[in-house]
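*Asks:*
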Amino acid sequence: MTHIVTFELTSADGASDSLATFLETILPETRRFEGCKNAEFALSESAPAQALLIEKWQSKTAFEAYLNWRVERGDYARLRKLLAAEPALTHFTQA
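Printed below as a string of structure tokens:
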């Protein structure tokens, strides 16, 4: 089974380009993290402040290890400064 996590992101005023650059910078590391199958993002065509990040993991445990690593490194805090609100995370299981 694959564990899928979506992050709905809303950038802070004037931070849309910075958010896209940040995601482009960190996603190669995400893809190399143990247990990551894929990670990609898309920007809304109709609402420039909206972005969707989709990650596929071998397990929820692998995702949680990754998220803890990002928090410990300070990357999550850097992301949060670019956002108008907390990311909305949704977890899915793909059979």
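So the sequence shown is numbered by the UniProt record's numbering: it starts at 1 and just counts up by one. We put the CB at the ideal spot given by N, CA and C, even for glycine.
Rank Ala12, His3, Ala49 by C-alpha distance to the C-alpha of Ala39 and give the top, closest one.
*Replies:* His3
*Asks:* Looking at C-alpha atoms only, which residue of Asn68, Arg70, Leu53 is the closest neighbour of Val5?
*Replies:* With distances taken between Cα atoms, Val5 lies closest to Leu53.
*Asks:* Between which two residues does the beta strand (DSSP E) carrying Ala42 extend?
*Replies:* 36-43 is the extent of the beta strand (DSSP E) around Ala42.
*Asks:* Can Phe22 and Leu82 be called in contact, C-beta distance under 8 Å?
*Replies:* yes
*Asks:* Quick check on the DSSP output: the alpha helix (DSSP H) that includes Phe22 runs from which residue to which?
*Replies:* 16-32
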